[in-house]
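Let me begin by presenting the structure, written as structure tokens, before commenting on it.
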Amino acid sequence: MIVNVEDAKRCYIVCGKTDMRYGIDSLAYTVQSQFDLDPFQDALFFFCGNKQDRFKALYWDGEGFWLLYKRFENGQLKWPRTIREARSLTAQQVDWLLRGFAIDPPIKEASNRVFY
């Protein structure tokens, strides 16, 4: 069976950097100990390390864990790095992430010019 990310009821992105050497047990422990979330819930957890061209995802299907790994051959992810937290993602944001797009649209600064 191949995991369909749309089957997960919730999706979380772990902001900041995660050691990508971590396997299933370490990632599940990180979810539980640092974010007080249950890794056995019907949720998909996304992690990124120093290199922003790859990420891992952890998913419990009721019988065991899936550890998914994706690497983009061209381009890099726009991974949230500023705050060490786990953020809930919408279905649209998950789709953007899987395609390599930023999950937060950039906001342009307003100019100081006045137009009449």
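Letter by letter, the sequence shown follows residues 10 to 125 of our numbering.
In this text, a Cβ means the ideal position worked out from N, Cα and C, and glycines have one as well.
- DSSP places TRP88 outside both helix and strand once states are collapsed to three, so it counts as coil.
- When DSSP assignments are scanned along the segment 29-55, the uninterrupted stretches of alpha helix (DSSP H) that are 4 or more residues long and fall wholly within it turn out to be 33-44.
- Between the segment 79-96 and the segment 60-71, the count of C-beta pairs closer than 8 Å reaches three or more; the two stretches touch.
- Within the same chain, CYS24 and GLY25 come within 7 Å of ARG93 by CB-CB distance, once the 5 residues on both sides are set aside.
- When secondary structure is reduced to three states using DSSP, LEU98 falls in the coil class, being assigned neither helix nor strand.
- The C-beta of TYR68 has 16 or more other C-beta atoms within 10 Å across all chains shown, which makes the residue buried.
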